[in-house]
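Just below is one structure, and these are the notes that go with it.
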Amino acid sequence: MNKLKQFQTKLQVVTALMLSTVAFNGHAVATASYDPASGIVDLPVVEVLNGASSSFFSAQLQLTGGSELELISANAGSATQEQRNVFDGTTGAVHIPSIVVGVDDFYAKLKIVPGSDPLRFTVDQLVSNNFEGCPSFSAAGPSQGSCFLSGEITSDITLTKNIQWILSGGVFIGGDNINQATLTVNPGTHIFGQQGADFLWIRRGSKIMSEGTPDNPVVMSGPLQQTAGEWGGLVITGNAPVNGCNEGVALCEIPFEAVTSEFLGGNNPTDNSGVVKYTQILFAGFAVRPNEELNGLTLNAVGSGTVIDFVHVHEGLDDGVEMFGGTVQMKHLVLTNIGDDSLDWGLGWTGGAQYVLVKQAADDGDRGIEADNNKSGDLLPRSNPILSNMTLMGAPVSTQGALLRRGTGANIWNSVFTGFPTCLMIDGEPTFANAGAPGNLSGDLTIQHSFVDCDTNFADGEGATFNTADWFLSQTGNSEENPLLNGFLPASGSPLTLSGTAVNDAFFDTVDYVGAFRDEDDDWTEEWTFEFN
Ligand SMILES: [Ca+2]
Ligand SMILES: [Ca+2]
Ligand SMILES: [Ca+2]
Ligand SMILES: [Ca+2]
Numbered sequence: 272m273n274k275l276k277q278f279q280t281k282l283q284v285v286t287a288l289m290l291s292t293v294a295f296n297g298h299a300v301a302t303a304s305y306d307p308a309s310g311i312v313d314l315p316v317v318e319v320l321n322g323a324s325s326s327f328f329s330a331q332l333q334l335t336g337g338s339e340l341e342l343i344s345a346n347a348g349s350a351t352q353e354q355r356n357v358f359d360g361t362t363g364a365v366h367i368p369s370i371v372v373g374v375d376d377f378y379a380k381l382k383i384v385p386g387s388d389p390l391r392f393t394v395d396q397l398v399s400n401n402f403e404g405c406p407s408f409s410a411a412g413p414s415q416g417s418c419f420l421s422g423e424i425t426s427d428i429t430l431t432k433n434i435q436w437i438l439s440g441g442v443f444i445g446g447d448n449i450n451q452a453t454l455t456v457n458p459g460t461h462i463f464g465q466q467g468a469d470f471l472w473i474r475r476g477s478k479i480m481s482e483g484t485p486d487n488p489v490v491m492s493g494p495l496q497q498t499a500g501e502w503g504g505l506v507i508t509g510n511a512p513v514n515g516c517n518e519g520v521a522l523c524e525i526p527f528e529a530v531t532s533e534f535l536g537g538n539n540p541t542d543n544s545g546v547v548k549y550t551q552i553l554f555a556g557f558a559v560r561p562n563e564e565l566n567g568l569t570l571n572a573v574g575s576g577t578v579i580d581f582v583h584v585h586e587g588l589d590d591g592v593e594m595f596g597g598t599v600q601m602k603h604l605v606l607t608n609i610g611d612d613s614l615d616w617g618l619g620w621t622g623g624a625q626y627v628l629v630k631q632a633a634d635d636g637d638r639g640i641e642a643d644n645n646k647s648g649d650l651l652p653r654s655n656p657i658l659s660n661m662t663l664m665g666a667p668v669s670t671q672g673a674l675l676r677r678g679t680g681a682n683i684w685n686s687v688f689t690g691f692p693t694c695l696m697i698d699g700e701p702t703f704a705n706a707g708a709p710g711n712l713s714g715d716l717t718i719q720h721s722f723v724d725c726d727t728n729f730a731d732g733e734g735a736t737f738n739t740a741d742w743f744l745s746q747t748g749n750s751e752e753n754p755l756l757n758g759f760l761p762a763s764g765s766p767l768t769l770s771g772t773a774v775n776d777a778f779f780d781t782v783d784y785v786g787a788f789r790d791e792d793d794d795w796t797e798e799w800t801f802e803f804n
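Pasting the structure below:
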């Protein structure tokens, strides 16, 4: 039985890979050209990323004697969703998906020379877009063009889009705060797991640089891309604070609930685990034991030096994104058809998120947000994230839009909860005690400039010392109005477009609207996400 299942899985993997190879070998259109006579690289379209808004240019670079490329012209151009070159200022990289040099076609990554004027770039990568065999850190996979990754990897490696990467078991980047390594994942690269036990784990001290682009997102998925739990998921582990250690312990580090040989936590709130940008995490989730699972994206004590921006988690078996402590801050999350909670936290998460779309499935899923401090409620540091510009859309099968429990704090701003059986519920004596009382709140558990529109807007859990309704309605700018959504975007005339306020924290963009989207034309989920409607 087991053998048959393994064989079926293998067959499915091979079929999926063959299909994607066919797609990959379809004619790529070069996005850049190189003229060896003049040494000029011509980039007809360069998108310069800037949050959800971008600007477009045409540019020319000249090869200099020092083998750098100097910007010799740049002119404003018009926006396009064709394959294009992308400059990402957060990483200083220019991604060129396809440049023909001689007879071969390459992906090129340029890196800006800091402080250069006129701008100069070095060539960081030049990789053939054709398969050229499996590199030494991998093993030949089941089909032409595929390579296996396995075990612990303690050198810096780059996953390129000319290979179908297959995880075999748990793949660990780095040792635990020893033998640190950086995993770079190029735009357009696809990483597959074949079963729940195949996952990608970034250890403390190591980094992931999963740097997709709007036109070439990084994709991490199972073989079929049909059902949740086809593979394990992405786990990032850092050295930022967690709670859950005995009082008086100098360095609080704890074992991960599902894989107890792995530790998380430390004393570096600004710890940097790398970049996850324009990345899809699809059909993940693995129950190691009942109630102890890998999520689509598990963030274990990840620090605020980490960049998480434009990440789509779709059809996860457990939670979409789950934070175990840490200080990580995120923007532009799309969490769709999640099997348990779309956003889940505990153990003292003190980070934040802005621009979050949660869309629960019609047939599965628990909460939009499940928020804990810890089981007994009062361990420090206490969970106290800042969240703004969330659009959370539930379904009759969901439970609450947000369950705030087990002593959690949170400052929620500019958010809309709709379509859940219950929008908001506060639960547990430590949670009520930490919040204070309506009219005399401690400031640790707040919501303002937010909308609720559910079958039942409020519920009170155990140990209630006040009504969740009073808590909500006593704060500034909150409303029980219909938010007038058209799909997940505000319809024209929606009250959301007029109701936002500034969040007093430097991570957050100041915007004047409620929910994840400015208006009906502000669909920043376009192009880079997996189809979810
Ligand atoms: Ca979970
Ligand atoms: Ca959960
Ligand atoms: Ca849950
Ligand atoms: Ca939870």
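The sequence shown begins at 272 in this note's numbering and counts up by one. Just so it is clear, CB atoms sit at the ideal spot from N, CA and C, and this is done for glycine as well.
Trp742 carries a helical assignment under DSSP once its states are collapsed to helix, strand and coil. Cβ-Cβ distances below 6 Å link Thr796 to Val605 in the same chain, with the five nearest sequence neighbours on each side left out; the list follows chain order. Rounded to whole angstroms, the gap between the alpha carbons of Asp731 and Gly690 is 18 Å. Residue selection by CB proximity (closer than 5 Å to any heavy atom of ligand 4) returns Asp615 and Glu641 in chain order. Cβ neighbours of Asn682 within its own chain (closer than 6 Å, five residues either side excluded): Ile657 and Thr717. Ala330 and Glu318 have their C-alpha atoms spaced approximately 10 Å apart.
Assignment of Glu563 by DSSP, reduced to helix, strand and coil, places it in the strand class. Counting only residues of its own chain and dropping the five nearest sequence neighbours on each side, Ala410 has a CB closer than 6 Å to the CB of Phe419.
Rounded to the nearest whole angstrom, the CA to CA distance from Ala511 to His583 is 24 Å. Between ligand 3 and Asp611, a heavy atom-to-CB distance of less than 7 Å is present. Remark: the C-beta of Glu593 is in contact range of ligand 1, defined as less than 7 Å to any heavy atom. Around the beta carbon of Glu403, fewer than 16 other beta carbons sit within 10 angstroms, so the residue counts as exposed. The region 518 to 526 makes no contact with the region 545 to 554; the number of CB pairs closer than 8 Å stays below 3. In this structure Phe722 does not touch Ala740 by the C-beta definition: roughly 14 Å separates them, more than the 8 Å allowed. When C-alpha distances from His461 are compared across Gln496, Asp776 and Glu791, the shortest belongs to Gln496. Taking a contact as a CB-CB distance under 8 Å, the pair Lys478 and Asn543 counts as one, their CB atoms being some 7 Å apart.
Taking 7 Å as the cut-off, the C-beta of Asp637 counts as close to a heavy atom of ligand 3. One thing to note: Thr431 has its Cβ no nearer than 8 Å to the Cβ of Asn401.
Taken through DSSP and simplified to helix, strand or coil, Asn321 comes out as strand. Closest in alpha carbon position to Asn566, among Phe778, Asn738 and Gly467, is Gly467.
Here the alpha carbons of Gly707 and Asn538 stand approximately 29 Å from one another. Out of Leu390, Leu334, Asp395 and Gly483, the CA that lies nearest to the CA of Arg355 is found in Gly483.
Met594 and Val398 have their alpha carbons spaced roughly 35 Å apart. The count of Cβ pairs closer than 8 Å, one atom from the region 377 to 385 and one from the region 496 to 509, stays below three, leaving the stretches out of contact. The continuous beta strand (DSSP E) containing Pro368 extends over residues Ala364 to Val372. Burial check for Ile343: the Cβ neighbour count within 10 Å stays below 16, so the residue is exposed.
Beta-bridge partners of His585 (DSSP): Leu553 and Thr607. With a contact defined as Cβ atoms closer than 8 Å, Val312 and Leu340 qualify at about 6 Å.
Not one heavy atom of ligand 2 sits closer than 7 Å to the Cβ of Asp698. Using a cutoff of 7 Å, the CB of Glu564 counts as near ligand 1, since one of the ligand's heavy atoms is closer than that. At least one heavy atom of ligand 2 lies closer than 7 Å to the C-beta of Asp589. Of the residues Val316, Ser325 and Leu390, the one whose Cα lies closest to the Cα of Leu334 is Leu390.
Just so you know, the alpha carbons of Ser417 and Trp436 end up roughly 6 Å apart. Your pair Asn571 and Gly597 checks out as a contact, with CB atoms roughly 7 Å apart and the cut at 8 Å. Taking the CA atoms as reference points, Asp780 sits about 32 Å from Glu524.
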